[in-house]
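In mature numbering (1 follows the signal peptide of the UniProt record, and there is no 0), the protein residues as written are -17 to -1, 1 to 131.
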């Protein structure tokens, strides 16, 4: 009987000890996950600072229209330029004489876009000014080009 009771006590102690250790590890993991999420949120907020998504002042310039609708039209108007014969006239030509292609586009505010482009032997970025018009095609003008 003593052996049985001692075995049950020892087994209970081991289960309780392992459970306590697992709970401590879970608590540490939860803290680490929360810290990581806070860090990534902070990094996202910093990266999105120069973005129409986070710039309320720029968004107000399009009122009463919703910024999502305006941005969809701006992107569509820019994409239409890509469909022109000979490619988008705003993009430079690469080393083979072909138009470069857009890799990524980001709307900075109510007037500026930044475009990352690439081509044969050339990569770079364009800073583009745009003028949104509800009733006409958005107008685009290259302000500056950076080549790498």
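Even glycine gets a Cβ: it sits at the ideal position worked out from N, Cα and C.
In terms of CA proximity to residue 124, 71 leads the group 71, 43 and 131. Cβ atoms of residue 69 and residue 84 stay farther apart than 8 Å, at about 13 Å.
Residue -10 is classed as exposed because its beta carbon has fewer than 16 other beta carbons within 10 Å across all chains shown. Measuring C-alpha to C-alpha distances from residue 128 to each of 96, 119 and 116 identifies 96 as the nearest. Straight-line spacing of the CA atoms in residue 13 and residue 43 works out to 39 Å.
Each of 106, 38 and 23 was checked against the Cα of residue 92, and the nearest Cα belongs to 38. In the same chain as residue 19, and ignoring 5 residues on each side of it, no C-beta atom comes closer than 8 Å to its own.
For the pair residue 16 and residue 122, the Cα-to-Cα distance works out to about 45 Å. Runs of beta strand (DSSP E) with 3 or more residues, each lying fully within the region 20 to 94, are found at 84 to 90, listed in chain order. Annotation: residue 41 to residue 8 spans about 46 Å, alpha carbon to alpha carbon.
Remark: C-beta atoms of residue 126 and residue 111 approach each other more closely than 9 Å. Membership of residue 121 in any beta strand (DSSP E) is not indicated, and neither H nor E is assigned to it by DSSP.
Between residue 45 and residue 53, the C-beta spacing is below 9 Å.
Relative to the Cα of residue 48, the nearest Cα in the group 130, 115 and 120 belongs to 115.
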